[in-house]
Each structure stands twice: as structure tokens, then as C-alpha cells.
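Heads up: the sequence shown is residues 1 to 218, going by full-length UniProt numbering.
Positions of the beta carbon are idealized from the N, C-alpha and C atoms, including for glycine.
Below you'll find the structure, written out as C-alpha cells, and then a few comments.
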Amino acid sequence: MSTRESKKAAGGRRAEYAAATRQAIHEAARELFTGKGYFATTVDDIATAARVAPATVYAVGGGKQGLLKAIIETRTTAPDVEETYGHIAGTADADELLRFITHATRVHFEGSRGLMRVVIDTAPHDAAAAQALRTAHASLRDGLARTARRLAELGALRNGIDVREATDTLWFYLGNGAYFTLTDDNDWPLDKVEQWLHTSLRTALLRSGSADRSASDQ
Numbered sequence: 001m002s003t004r005e006s007k008k009a010a011g012g013r014r015a016e017y018a019a020a021t022r023q024a025i026h027e028a029a030r031e032l033f034t035g036k037g038y039f040a041t042t043v044d045d046i047a048t049a050a051r052v053a054p055a056t057v058y059a060v061g062g063g064k065q066g067l068l069k070a071i072i073e074t075r076t077t078a079p080d081v082e083e084t085y086g087h088i089a090g091t092a093d094a095d096e097l098l099r100f101i102t103h104a105t106r107v108h109f110e111g112s113r114g115l116m117r118v119v120i121d122t123a124p125h126d127a128a129a130a131q132a133l134r135t136a137h138a139s140l141r142d143g144l145a146r147t148a149r150r151l152a153e154l155g156a157l158r159n160g161i162d163v164r165e166a167t168d169t170l171w172f173y174l175g176n177g178a179y180f181t182l183t184d185d186n187d188w189p190l191d192k193v194e195q196w197l198h199t200s201l202r203t204a205l206l207r208s209g210s211a212d213r214s215a216s217d218q
């Protein structure tokens, strides 16, 4: 192996190690924030759980504040986000689109409910958490706005409902607040939540022809 190839291989190994270290720190921080609470978690706790030095936690994430923001940003830029956008743009049936976006938000909530509860509870008292919450909400609202525009392109929205109102309606039903109310306060299982949200959105947004047609297909 030439010197150039050796340097390239070494650089690749360093990059892999750095990525693995970052992932370990993110996973440790997420688990601790969710299980112990954001304010009760220390950088030393994260370092111990990730099996790294505290200085490494600061270097990789900038401390707790930077880690919380980075964890949320990583989720909003994951490859499946672009896949979701592509599916929205390519779906030609309005009810199928509502079914898809409802399921997508259910899956996202199911995987992040613990962390989002921490972020929501912490945001009023911490600037980093407030920024993380804004980032998460902006990402979700972007997906819902794309859904609303696609419904409008398909001519499926009820008379008098424009893209802005459709986006707001989707946000009302599919935002974290709705999921927390239905699961925590109502104690509904997620399967029931998903079905109810889809049915409610179909009634609220779709023209009668589209809603009637989709109901007959169930």
C-alpha cells in the first residue's frame, strides 16, 4: 500500500471512529434526558454512559445544550425525511395521502415521544430546548404544508379551505399536542389514535366526493 493510500485509509478509520463516538454520545444523551430529565443530567453522566471523557462530550456536542439541539437536528435531516417528501409529492390519491401522513406522524411520535416530552417541558426554561422545539416543529410543519399543497393540487380540499388553512388543520390533528392529549390524557392506544386522526382529517379536509369514495374503500 502506498503512503497516499495509507493516509486515506487512516483518514477513513478516523472518520468512522468519530461518527461512532458522536452516535454513542447522542444515544447516551437521549436516553439520559428521557429517563433522568434534562436538568438532572450532567455532562459527566453522558460521558460515563457513552464511555468517553467529559471533554469529548463538549468537543462533539458543545455540552448538554448543543447535544439537545444536535439530536433534534439529526432527526429532522434523516434520509427518511426526504423519502417522506417524495412520497407526498408522488401520491395521486387524496385519502391515501392523508393515510400516509397520519401513519408517518404516528411512527415519528412513537419513536420520539419521550424526548419530545422532555423538550416541550424544558423549552420554557431553557433557550437551547426552546430552539430545539422550534426546529422540530418547523420540520413537521414543513411536511404538513407539503401535504396541504399536494391535496390542493389534486383538487381534493373542501370548498373554502386553502393551503394555509389545510396546513393549520393538519397541524392541529397531527402535531405533538394532539398525540400527547390522545395517548396521555385519553389513554388511547396508538392504533386507535391513528385511525381516529385519519378519519377526522378526511372529514375536515376532503371534498365530499373524495371522502365518500375513500370511506367506501375501507
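Asked                                                                                                                                                                                                   : Found
Whether or not the segment 25–32 and the segment 52–70 are in contact is what I'm after, with contact meaning three or more pairs of Cβ atoms, one per stretch, closer than 8 angstroms; do they touch? : yes
Roughly how many whole angstroms lie between the Cα atoms of MET116 and GLN65?                                                                                                                          : 15 angstroms
Just the C-alpha distance for TYR173 and ALA20, rounded to the nearest angstrom, thanks.                                                                                                                : 37 angstroms
Out of curiosity, what's the CA-to-CA distance linking VAL43 and LYS69?                                                                                                                                 : 15 angstroms
Using the rule of at least 16 other Cβ atoms within 10 Å of the residue's Cβ for burial, across every protein chain shown, is LEU30 buried or exposed?                                                  : Residue 30 is actually Arg in this sequence, not Leu. Buried, because 16 or more other Cβ atoms sit within 10 Å of the Cβ of ARG30.
Rounded to whole angstroms, what's the CA-CA distance from ASP187 to ALA148? Just pull it up for me.                                                                                                    : 29 angstroms
What ranges does the alpha helix (DSSP H) occupy inside the segment 89–173, keeping only unbroken runs of at least 4 residues that lie completely in it?                                                : 94–122, 127–153
Taking contact to mean at least 3 C-beta pairs separated by less than 8 angstroms, is the segment 133–141 in contact with the segment 85–97?                                                            : no
Quick one: what's got a C-beta closer than 7 angstroms to TRP171's C-beta in the same chain, skipping five residues either side?                                                                        : ARG141, LEU144
Report the rounded CA-to-CA distance for ALA178 versus ARG75, giving the unit in angstroms.                                                                                                             : 20 angstroms
Are LEU201 and LEU97 close, meaning C-beta to C-beta below 7 angstroms?                                                                                                                                 : no
For my contact list, LEU154 and ALA166 are in at a C-beta cut-off of 8 angstroms; report their separation, rounded to the angstrom.                                                                     : Actually they are not in contact, since the Cβ atoms of LEU154 and ALA166 sit about 11 angstroms apart, beyond 8 angstroms.
Could you give the C-beta distance for HIS169 and LEU205, rounded to a whole number, given that I count them as a contact under 8 angstroms?                                                            : It is Thr, not His, that sits at residue 169 in the sequence shown. With a Cβ gap of about 6 angstroms, THR169 and LEU205 count as contacting.
Apart from the five residues just before and just after ALA128, which ones in its own chain have a Cβ nearer than 7 angstroms to its Cβ?                                                                : GLN65, LEU68, LYS69
In chain order, what residues of the same chain lie with their CB nearer than 7 angstroms to the CB of PRO79, ignoring the 5 residues before and after it?                                              : none
Suppose the cutoff is 6 angstroms on Cβ atoms and the five residues either side in sequence are ignored; what does the same chain contact list for residue 219 look like?                               : The structure shown does not extend to residue 219, since the chain is modelled only from 1 to 218, so the question has no answer here.
My assumption, with CB atoms under 8 angstroms, is that ASN176 sits in contact with PHE109. Please give the rounded CB distance.                                                                        : 7 angstroms
Within its chain, find whatever has a CB closer than 8 angstroms to the CB of GLY37; leave out the 5 residues flanking it on each side and keep chain order.                                            : VAL118
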